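Student: What follows is a single structure, and I will ask about it in a moment.
Chains as they are written, first to last, in my numbering: chain A, 162 to 654; chain B, 20 to 169.
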């Protein structure tokens, strides 16, 4: 079966489809507001006219390319192309400011490649078995998964003052996520009569505002992103930092596991990988100031999600995330029903699709390595020309998600608020984390309580839940102890 | 305004938000009082607790704290000018549509930020709009804001 699949994949038409898909994915992912989901969804009608396999290869290429592409503007302009690239922006942009944008891009593409290859390998080998495990997760586990993600807020703080402010920021994010329709009763909450808020505050405009518009406003006082232009010329010679393989391996693992869980997206995978890498790093104090380890973990995490999310999609018809849901639509249109038949009757096509993910990863690796020095030159563009252009794409990106003018104003308000909050020591990363995880936390919490007839015991009496509590404890204990130790040292001096 | 004062204002605002959020759950349907309303109440209480804790730390450390001034913008004219221009641009999108608004926004913003060469301003603006037209509008068929006047 695999040999037949390889034969079907290595035809000029199929390879060309993977190439076009991956390249378009990198371009789409690199534009704020244009997500992989949107690109795959837009491709579905195009694939009508194509052979089913060619259509699938095109969509798979777009998915892989877009997940990597989001990191390019995140690193160079602090404008995440996709929500999953926020953690990359936190470390990548400071590196660009220090003149190491090229190295950041190199780390990003290698980590993305490794994460993508690892998850595709897992998809190929143990897809059905893993999908059954993911199905044992219920609402209490999803709530705890959100708590696990939110535990990262603690690692974003260095002292008790910062810790309290980071928690407040996270809570504000969770409160912003409450706006919209109540997931249980369907009641509208805090929408102030705006129909555009019925689905809640979309996080892409908020994210564009907080990371992109705020950065462009801050850059109004500078002539270009970097001051030392000689540093940018050293791009090709910069070797990869030592020990970078550890966060890459960690991110690949976390990304694949998170990707397999239905509903958990690449953003959560990236943040989770980033926070675990920060916890395990020998130099956690360098995180947030341009640490390549952070980029490696986040990028391996979000690309690891690609193969992971396809596990439940292909085996059970349950999409791992929104992009996988769009891809599932494409499969169904071509008459391919997820389940055992996909691996037997249509095995040749399914395995060719899975194998094409390896090819797509190789294509974006070559694209990224070859183009990195040219991409990095963006940071030399005079701000007088760069800022208006990035602002235009930010406005367009905010609008394009829901075709809503209100979303543009949300982005602008978030941009200004981000500057004030950052200057007063509040954490933007924690706020965004709260906003992203809020709906999962609320729905999981509410559904679990209904399931448990109002008893909180449901969060403790299942083995999966207990395992998650254990991981949460392991994540929280070291930073809290560290802050406590710091507090005692300060008092002693 | 000093950073400390800005912190105090923000924390006070959050504290008010926490109280309002907690009180708002009383109007939730009875069916969700034990689920989503409980979740929102928890958020309100947690925000109130942590804001009070931060305010306590604020008062406790007020003697050691420096009165550092909060500078939002290094070049205020450009910073606020760009922000106002972005607001006007966003409003203009619903009246003029994407292309006419952008034709005005891009050169004006570039001039405001110190661009002087008319050729680079014209070429950059035209290049960006052509790119948006070819990639966003034609290839990807992404709907762009349409004006009500044209």
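All C-beta atoms in this analysis are idealised placements derived from N, C-alpha and C, irrespective of residue type, glycine included.
Keep in mind the model is a prediction, meaning the values are calculated, not measured.
Quick one: what does DSSP say residue 249(A) is sitting in, helix, strand or coil?
Tutor: Looking at residue 249(A) - three-state DSSP - the assignment turns out to be helix.
Student: Strictly by DSSP, which residues pair up with residue 350(A)?
Tutor: Looking at the DSSP assignment, residue 350(A) forms a beta bridge with 341(A).
Student: Could you tell me which whole alpha helix (DSSP H) segments of length 4 or greater appear in the segment 49-115 of chain B?
Tutor: Listed in chain order, the complete alpha helix (DSSP H) runs (minimum 4 residues) inside the segment 49-115 of chain B are 55-79 and 95-115.
Student: Name the residue from 333(A), 303(A), 288(A) and 178(A) whose alpha carbon lies nearest to the alpha carbon of residue 65(B).
Tutor: Of the candidates 333(A), 303(A), 288(A) and 178(A), the one whose C-alpha sits nearest the C-alpha of residue 65(B) is 333(A).
Student: Quick one: Cα of residue 252(A) to Cα of residue 552(A), how far?
Tutor: Cα to Cα, the separation comes out at about 21 angstroms.
Student: With a threshold of 9 angstroms between beta carbons, is residue 649(A) in contact with chain B?
Tutor: No, its Cβ sits nowhere closer than 9 angstroms to a Cβ of chain B.
Student: Taking residue 467(A) as the reference, give the member of 441(A), 418(A) and 450(A) with the closest Cα.
Tutor: For the residues 441(A), 418(A) and 450(A), the minimum Cα distance to residue 467(A) belongs to 418(A).
Student: Report the CB separation of residue 579(A) from residue 370(A) in whole angstroms; it is logged as a contact under 8 angstroms.
Tutor: Going by Cβ atoms, the distance from residue 579(A) to residue 370(A) rounds to 7 angstroms, so yes, they are a contact pair.
Student: Output, in chain order, the set of chain A residues within a Cβ distance shorter than 9 angstroms of residue 89(B).
Tutor: Per Cβ cutoff of 9 angstroms: 581, 584 and 585.
Student: Would you decide whether residue 330(A) is buried or exposed? Buried here means 16 or more other CB atoms lie within 10 Å of its CB.
Tutor: Buried: at least 16 other Cβ atoms inside 10 Å.
Student: Using Cβ-Cβ distances below 8 angstroms, what residues of the segment 48-61 of chain B are close to chain A?
Tutor: So the list reads 48, 50, 51, 53, 54, 55, 57, 58 and 59, given in the order they occur along the chain.
Student: Rank 636(A), 372(A), 631(A) and 262(A) by C-alpha distance to the C-alpha of residue 659(A) and give the top, closest one.
Tutor: Here chain A comprises residues numbered 162 to 654, so residue 659(A) is not present and cannot be evaluated.
Student: Using a Cβ-Cβ cutoff of 7 angstroms, what residues of the segment 598-629 of chain A are near chain B? List them in chain order.
Tutor: Listed in sequence order: 603, 606, 607, 610, 611 and 615.
Student: Which whole-angstrom value describes the C-beta separation of residue 158(A) and residue 225(A), a residue pair presumed to lie in contact below a C-beta threshold of 8 angstroms?
Tutor: This structure cannot settle anything about residue 158(A), because the visible part of chain A is limited to 162 through 654.
Student: With respect to the alpha helix (DSSP H) encompassing residue 145(B), which residues constitute its N-terminal and C-terminal limits?
Tutor: Segment 137-150, the alpha helix (DSSP H) holding residue 145(B).
Student: Say whether chain A places a C-beta atom closer than 9 angstroms to the C-beta of residue 157(B).
Tutor: With 9 angstroms as the cut-off, residue 157(B) does not count as an interface residue toward chain A.
Student: Nearest-angstrom Cα distance between residue 105(B) and residue 378(A)?
Tutor: Each residue's alpha carbon lies about 10 angstroms from the other.
Student: Excluding five sequence neighbours on each side, which residues of the same chain lie with their C-beta closer than 7 angstroms to the C-beta of residue 33(B)?
Tutor: Taken in chain order, the residues that qualify are 66 and 70.
Student: For a test of the three-state rule: what should DSSP assign to residue 21(B), helix, strand or coil?
Tutor: DSSP places residue 21(B) in strand when its eight states are reduced to three.
Student: Along the chain, where does the alpha helix (DSSP H) containing residue 412(A) start, and where does it finish?
Tutor: Element bounds for residue 412(A): 406-421.
Student: Taking 9 angstroms as the CB-CB cut-off, is residue 42(B) touching chain A?
Tutor: False, the Cβ-Cβ gap to chain A never drops below 9 angstroms.
Student: For chain B, is any of its Cβ atoms less than 9 angstroms away from the one on residue 545(A)?
Tutor: So yes, residue 545(A) belongs to the interface.
Student: If you compare alpha carbons, which of 163(B), 25(B) and 63(B) is closest to residue 89(B)?
Tutor: Selected option, being the one with the closest Cα: 25(B).
Student: Once you ignore the five residues that flank residue 606(A) on each side, which residues in its own chain have a CB closer than 6 angstroms to its CB?
Tutor: Excluding residues within five positions, the ones whose Cβ falls inside 6 angstroms are 304.
Student: Look at the alpha carbon of residue 485(A) and the alpha carbon of residue 602(A), and state the distance between them as a whole number of angstroms.
Tutor: Going by the C-alpha atoms only, they are around 21 angstroms apart.
Student: Can you find a C-beta in chain B that's less than 9 angstroms from the C-beta of residue 345(A)?
Tutor: Residue 345(A) counts as touching chain B.
Student: What in chain B is Cβ-close to residue 550(A), meaning under 8 angstroms?
Tutor: 125, 143 and 147, listed in chain order.
Student: Just to confirm, is the Cβ distance from residue 247(A) to residue 525(A) under 9 angstroms?
Tutor: No. Outside cutoff.
Student: For residue 14(B), count neighbouring C-beta atoms within 10 Å of its own C-beta (all shown protein chains included) and say buried if the count is 16 or more, exposed if not.
Tutor: This structure gives no information on residue 14(B), because the portion of chain B shown stretches from 20 to 169.
Student: Just to confirm the assignment, what range does the alpha helix (DSSP H) spanning residue 440(A) have?
Tutor: Segment 427-441, the alpha helix (DSSP H) holding residue 440(A).
Student: Please state if the CB of residue 255(A) and the CB of residue 450(A) are separated by a distance shorter than 9 angstroms.
Tutor: Going by C-beta atoms, residue 450(A) is nearer than 9 angstroms to residue 255(A).
Student: Excluding sequence positions up to five away, which residues of its chain have a Cβ less than 7 angstroms from the Cβ of residue 121(B)?
Tutor: The residues are 148.
Student: Please give the ranges of any alpha helix (DSSP H) in the segment 558-640 of chain A, keeping only runs that are unbroken, at least 4 residues long and fully inside the region.
Tutor: Entirely contained in the segment 558-640 of chain A, the alpha helix (DSSP H) runs reaching 4 residues are, in chain order, 566-584 and 589-612.
Student: Here's a check: name, in chain order, each residue in its chain whose Cβ is nearer than 8 angstroms to the Cβ of residue 569(A), leaving out the five neighbours to either side.
Tutor: Excluding positions up to five away in sequence, the list reads 366, 556, 559 and 560.
Student: Which residue's Cα is closest to the Cα of residue 457(A): 427(A), 413(A) and 167(A)?
Tutor: If we check each option's Cα against that of residue 457(A), 413(A) comes out closest.
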